[in-house]
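Sequence positions in the sequence shown follow numbering that gives the first Met the number 0 and run 0 to 76.
The next block holds one structure in the form of structure tokens; read it before the comments.
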Amino acid sequence: MAGGPAGSPPPVTDDIRELDAFLDTAYDAQERLTSGDLQRRAIAADLPATVLTRIDALPEGEYAQDEAAEALRALQF
Numbered sequence: 000m001a002g003g004p005a006g007s008p009p010p011v012t013d014d015i016r017e018l019d020a021f022l023d024t025a026y027d028a029q030e031r032l033t034s035g036d037l038q039r040r041a042i043a044a045d046l047p048a049t050v051l052t053r054i055d056a057l058p059e060g061e062y063a064q065d066e067a068a069e070a071l072r073a074l075q076f
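See the structure below:
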């Protein structure tokens, strides 16, 4: 079964691991960042196109790290 049992969270992909590592770095000494801040930092970090696409799709607003992680994981790609 590729996605695991029904009702289980989606499997952790390389993109999600990369996003988590990026967010750890981006939020170093920062409480909140805007979606624009995250986009600029992602470009500067030279992240893969699939990860950049996900970050670009993040709705406009200001996010704490856990909020950004949850919102990015919720995006369907």
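Each residue gets a CB set at the ideal place from its N, CA and C atoms; glycine is no exception.
At what residues does the beta strand (DSSP E) containing Asp-70 begin and finish?
A small correction: the amino acid at residue 70 is Ala; Asp does not occupy that position in the sequence shown. Run containing Ala-70: none in the beta strand (DSSP E); it sits in the alpha helix (DSSP H), 64 to 73.
Determine the direct distance from the alpha carbon of Leu-71 to that of Ala-41, and round the result to whole angstroms.
Answer to the nearest angstrom: the Cα atoms are 13 Å apart.
Is the distance from the Cβ of Leu-32 to the Cβ of Leu-57 below 8 Å?
No.
Please state whether DSSP places Leu-57 in a helix, a strand or coil.
Residue state, collapsed to three classes: coil.
Quick one: residues in its chain with C-beta nearer than 7 Å to the C-beta of Ala-63, no 5 flanking neighbours on either side, listed in chain order?
Taken in chain order, the residues that qualify are Glu-30 and Arg-31.
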